[in-house]
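Residue numbers (our numbering): 661 to 829.
If you want it as structure tokens, here you go:
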């Protein structure tokens, strides 16, 4: 092998060795800060249910039922409880009427049984959130019954039932 060919071979080998031992190029970084907000939604479509007028109770019509509905918006599992105080019983001064409540939901849960005002939803009802359906129609039903119409017991009877929704813990 001639000297020139030998020299070329050495130069080529040295160049390849230097190329393979060279430091890799410095990477170019680009950062991006990512944020999002998780909102906890539990709200009613209105501030209150529409009033329920049960009409007139008398010796021939001793029982009346009525209902009102609201939409509950939620993006998680919640529970509903009710007011079990005297506020939820139909009263007129010293007179009371047997007052019962029932809750119905449009999400496939069976309605509750009828419960007296003082035990209605004492054990909270759970509403499980369904993905892509954050609206549940909540129907509050009330039933009033008089056993006997007593002298002096006539007049307007009123009650206020309050439903409270909380996150399931």
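Note that beta-carbon positions come from the ideal geometry of N, C-alpha and C, so glycine has one too.
Assumed close pair residue i, residue j - CB separation to whole angstroms, cut-off 8 Å
{"i": "residue 774", "j": "residue 803", "result": "6 Å"}
{"i": "residue 734", "j": "residue 702", "result": "5 Å"}
{"i": "residue 815", "j": "residue 721", "result": "Going by Cβ atoms, the distance from residue 815 to residue 721 rounds to 16 Å, so no, they are not a contact pair."}
{"i": "residue 805", "j": "residue 758", "result": "5 Å"}
Where the beta strand (DSSP E) through residue i begins and ends
{"i": "residue 786", "result": "785-787"}
{"i": "residue 728", "result": "723-734"}
{"i": "residue 807", "result": "Unbroken run through residue 807: none, as it is neither H nor E."}
{"i": "residue 825", "result": "823-827"}
{"i": "residue 706", "result": "Note, residue 706: premise wrong, no beta strand (DSSP E); not H, not E."}
Chain-order list of residues whose beta-carbon lies under 6 Å from that of residue i (same chain, five-residue window excluded)
{"i": "residue 748", "result": "777, 819, 821"}
{"i": "residue 756", "result": "749"}
{"i": "residue 801", "result": "727, 762"}
{"i": "residue 709", "result": "728, 730, 800"}
{"i": "residue 686", "result": "none"}
{"i": "residue 635", "result": "An answer regarding residue 635 cannot be provided, because it is not within the stretch 661 to 829 covered by the chain."}
{"i": "residue 780", "result": "742, 761"}
{"i": "residue 824", "result": "741"}
Cβ-based neighbour list, residue i, same chain, cut-off 7 Å, excluding 5 preceding and 5 following
{"i": "residue 706", "result": "730"}
{"i": "residue 736", "result": "700, 789, 827"}
{"i": "residue 817", "result": "750, 751, 752, 757"}
{"i": "residue 711", "result": "none"}
{"i": "residue 719", "result": "809"}
Residues of its chain near residue i, where Cβ-Cβ distance is below 8 Å and the 5 sequence neighbours each way are ignored
{"i": "residue 678", "result": "Caution applies to residue 678, whose pLDDT of 49 falls short of 50 and renders its modelled position unreliable; the value that the coordinates give is listed next. Result list for residue 678: empty, nothing under 8 Å."}
- Message: Does the segment 727-745 come into contact with the segment 779-799, if we say contact requires no fewer than three beta-carbon pairs (one atom in each stretch) closer than 8 Å?
- Response: yes
- May I ask you to verify whether the segment 706-717 touches the segment 679-698, counting CB pairs closer than 8 Å and requiring at least 3? With contact defined as three or more Cβ pairs closer than 8 Å, the segment 706-717 and the segment 679-698 are not in contact.
- Message: For the segment 762-773 against the segment 808-818, do three or more pairs of beta-carbon atoms, one drawn from each stretch, fall closer than 8 Å, so that the two count as touching?
- Response: Contact annotation: the segment 762-773 does not touch the segment 808-818, with fewer than three C-beta pairs closer than 8 Å.
- Segments of 3+ residues assigned as beta strand (DSSP E) that fall wholly inside the segment 743-786: Listed in chain order, the complete beta strand (DSSP E) runs (minimum 3 residues) inside the segment 743-786 are 758-765.
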